[in-house]
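First residue of the sequence shown: 13, per the working numbering; consecutive thereafter. Contents: one structure, followed by commentary.
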Amino acid sequence: MKLGVVLPVYNRETYVGSALRSVLRQREAADLDVIVIDDGSTDGTAEAVRSFIAGGAPIRMFSQANAGVTKARNAGLRQLANDTEFVTFIDSDDISPPGRFAADLAYFKADPALELTYSYMRMVDQIDDETLEPVAGCDDRIFRGVHLSAGIYRRSLVERIGEFDEDLAQAEDTDFLFRIFEQRARHVFPETIALYYRRHEYNLTRNVAESRREFLKAMQKSMRRRKADPTLGDLRGFVQVTHPSGEGAPLRP
Numbered sequence: 013m014k015l016g017v018v019l020p021v022y023n024r025e026t027y028v029g030s031a032l033r034s035v036l037r038q039r040e041a042a043d044l045d046v047i048v049i050d051d052g053s054t055d056g057t058a059e060a061v062r063s064f065i066a067g068g069a070p071i072r073m074f075s076q077a078n079a080g081v082t083k084a085r086n087a088g089l090r091q092l093a094n095d096t097e098f099v100t101f102i103d104s105d106d107i108s109p110p111g112r113f114a115a116d117l118a119y120f121k122a123d124p125a126l127e128l129t130y131s132y133m134r135m136v137d138q139i140d141d142e143t144l145e146p147v148a149g150c151d152d153r154i155f156r157g158v159h160l161s162a163g164i165y166r167r168s169l170v171e172r173i174g175e176f177d178e179d180l181a182q183a184e185d186t187d188f189l190f191r192i193f194e195q196r197a198r199h200v201f202p203e204t205i206a207l208y209y210r211r212h213e214y215n216l217t218r219n220v221a222e223s224r225r226e227f228l229k230a231m232q233k234s235m236r237r238r239k240a241d242p243t244l245g246d247l248r249g250f251v252q253v254t255h256p257s258g259e260g261a262p263l264r265p
């Protein structure tokens, strides 16, 4: 099965290599097609990605003038290969845990009608970029939150839902996931940890005012859709679910 992995990146020379390594170590799980959208980086990001391509990694990079993460994600979706069956995402500063693709893709093999797996995320403030694992003793919380990388999506579902809403500078991922659950996509919630979310001083969500404003816009869009069409599904169940380990965290804006 072919899995397209969309990675938008802007000035993440420090982290993008680790993100790519974490994806590429899972090549045995699927025929990977990693689509990197360089959103006008001015540091060494593009050179870091090219070094992987030169080594034969299944990566395709496309560059554009800086237009923001929403347009970069859409640019990635437009580059999906014709034979891509499944789609997922990774942010340029996050890590895909070993075995994640194999674990979640197994659900699709077992159920040909399945459209989405939506797994846990592990939020940490320190990652060892050699081992690609959280540093012992770091701030470490496991929960099911709003994050595109938590999902693996059947290609037909992505096409049915449509592109990311470019009216949103942030929370485009929230809006995308809202639309998926409103459409009652056939899904499962595996016990897999789908990503290590790296907290650092340059996270987009550190701009709390903008993050909250865009999140509220996404919420309002969903409320209007559901008011106009009462047959749409509700949004309960895919956020703020405590991990079976007993660890958990509130959803952060």
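Ideal Cβ positions, reconstructed from N, Cα and C, are used throughout, including at glycine. All values reported here derive from a predicted model rather than from experimental measurement.
Residue j and residue i - do their beta-carbons sit closer together than 8 Å?
i: R134; j: Y22; result: no
i: F101; j: Y132; result: no
i: L169; j: E127; result: yes
i: P109; j: I173; result: no
i: G16; j: L92; result: yes
i: A181; j: E226; result: yes
i: R167; j: T96; result: yes
i: L207; j: S161; result: yes
i: H44; j: F64; result: According to the sequence displayed, residue 44 carries Leu and not His. No, the pair does not count as a contact, with Cβ atoms beyond the cut-off.
Should residue i be labelled buried (16 or more other beta-carbon atoms within 10 Å of its own) or exposed?
i: V147; result: exposed
i: Q38; result: buried
i: R248; result: exposed
i: N86; result: buried
i: V220; result: exposed
i: D50; result: buried
i: E184; result: buried
i: P262; result: Any reading at P262 must be qualified, since the residue scores a pLDDT of 38, below 50, and its modelled position is unreliable; no value is offered.
To which residues does DSSP link residue i through a beta bridge?
i: T129; result: I164 and V200
i: G16; result: D45 and V99
i: E145; result: D140
i: L244; result: In the DSSP output, where bridge partners are listed per residue, L244 has none listed.
i: S75; result: D50
i: T152; result: For clarity, residue 152 is Asp in the given sequence; the question names Thr instead. V136, per the DSSP bridge assignment.
i: G224; result: Sequence inspection shows Arg at residue 224; the Gly mentioned does not correspond to that position. In the DSSP output, where bridge partners are listed per residue, R224 has none listed.
i: V21; result: D50
Measuring only between beta-carbons, confirm whether residue i sits less than 8 Å from chain C.
i: V46; result: In the structure shown, chain C cannot be found, because there is only a single protein chain.
Would you mind working out which of the options sits nearest residue i, comparing C-alpha positions?
i: R196; options: P242, Y119, T96 and N78; result: P242
i: M7; options: A240, D187 and L244; result: No answer is possible for residue 7: it lies beyond the span of the chain, which begins at 13 and ends at 265.
i: L19; options: V46, G163 and D137; result: V46
i: T57; options: T26, R224, M13 and Q76; result: T26
i: I107; options: T82, R90, S34 and R237; result: S34
i: K233; options: R198, R166, E178 and E40; result: E178
i: F74; options: V61, A41 and A31; result: V61
i: D137; options: E40, A69, R153 and E59; result: R153
i: R211; options: G111, L36, R238 and D151; result: D151
i: F98; options: S53, D140, A41 and R224; result: A41
i: R191; options: L244, E142, E203 and T143; result: L244
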